[in-house]
Amino acid sequence: MFKYPNGRAYEKKENERILHTRASDTYGNRGMTLEADLNETNAYYLAQGIAVIHKKPTPVQIVRVDYPKRSAAVIKEAYFKQPSTTDYNGVYRGKYIDFEAKETRNRTSFPLQNFHEHQIEHMKQVLAHGAICFVILRFTTLDETYLFDAHHLLEYWERKQQGGRKSMTKAEIERHGHLIPLGYHPRIDYIQIVDKLYF
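Using this note's numbering, the letters of the sequence shown correspond one by one to residues 2 to 200.
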């Protein structure tokens with residue numbers, strides 16, 4: 002049995018799969034559609050020799066292990082630790098790429114509370130080394146996905162820290178972001194935006 006940082010239990014089944022539907026709106030399934038789309042896209046990039054981008058595994062702290070046999074161990078209790086960086090990283094055309102993926106059901110703005118302080122600090126460090134860093138934002142109810150450069154995210158984060166609004170408006174995201182059209186192969190072709198912005 003696994004537990005989230007909030008203490009909620011999570012039973013991991015062997016046949017568990019990421020669903021490509023939006024049938025469930027529970028907190029536990031929120032974000033899975035975007036993640037599945039990105040994983041599928043990254044698998045396509047890898048297979049086609051376009052880019053090597055992977056999702057970083059979620060760190061887990063193992064608390065209790067049973068040894069039913071001398072040669073086998075069974076994890077009985079573990080906790081998802083809060084990740085210290087962003088979701089995805091890799092290499093494209095000789096450049097390091099690092100990005101986070103977030104989604105919201107809000108139609109008019111994107112809450113900055115979706116990001117954590119440690120993720121913002123990580124993005125600052127990545128940018129300081131001249132790497133490519135951005136976020137992929139999805140408005141799930143509108144079915145719109147944007148690539149949003151980390152420099153702009155940091156500006157709006159700083160505005161929040163200075164007592165300003167706690168979200169980015171949809172208009173601000175449309176102004177500084179780049180709409181990624183949804184396709185079939187790949188599902189979210191963000192590399193075409195990366196080509197235009199960074200090369």
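Virtual Cβ for every residue (Gly too), placed ideally from N, Cα, C.
Checklist entry - The alpha helix (DSSP H) spanning His130 covers which residue range? => result Segment: none, His130 is in no alpha helix (DSSP H) and carries neither H nor E.
Checklist entry - What did DSSP end up calling Leu39 once you bin it into helix, strand or coil? => result helix
Checklist entry - In terms of alpha-carbon separation, which member of Pro69, Ile98 and Thr142 lies closest to Leu148? => result Ile98
Checklist entry - Since Val1 and Lys77 are thought to touch, with beta carbons under 8 Å apart, how far apart are those beta carbons, to the nearest angstrom? => result Outside the shown range of the chain, which is 2 to 200, sits residue 1, and nothing can be said about it.
Checklist entry - In this structure, does DSSP put Thr141 in helix, strand or coil? => result coil
Next on the checklist: If contacts are defined as beta-carbon pairs under 8 Å, then His55 and Tyr89 qualify, I think. What distance do you get, rounded to the angstrom?
Outcome noted: 7 Å
Checklist entry - Is His117 helix, strand or coil when you go by DSSP? => result coil
Next on the checklist: Closest to His130 by C-alpha separation, out of Tyr68, Lys96 and Glu145, would be which residue?
Outcome noted: Lys96
Checklist entry - Do you know how far the Cα of His117 is from the Cα of Lys171? => result 20 Å
Next on the checklist: Can you list, in chain order, the residues of its chain with a C-beta nearer than 7 Å to that of Ile51? Leave out the 5 residues immediately preceding and following it.
Outcome noted: Ile192
Checklist entry - When DSSP labels each residue in this structure, what does Asp150 get in the three-state scheme? => result strand
Item to check | Candidates Lys82, Thr34 and Ala132: closest to Val195 by CA position | outcome: Ala132
Checklist entry - Quick one, are the C-beta atoms of Glu104 and Thr59 less than 8 Å apart? => result no
Checklist entry - Rounded to whole angstroms, how far is the Cβ of Thr87 from the Cβ of Gln114, which I believe are closer than 8 Å? => result Contact doesn't hold; Cβ gap of about 16 Å is too wide.
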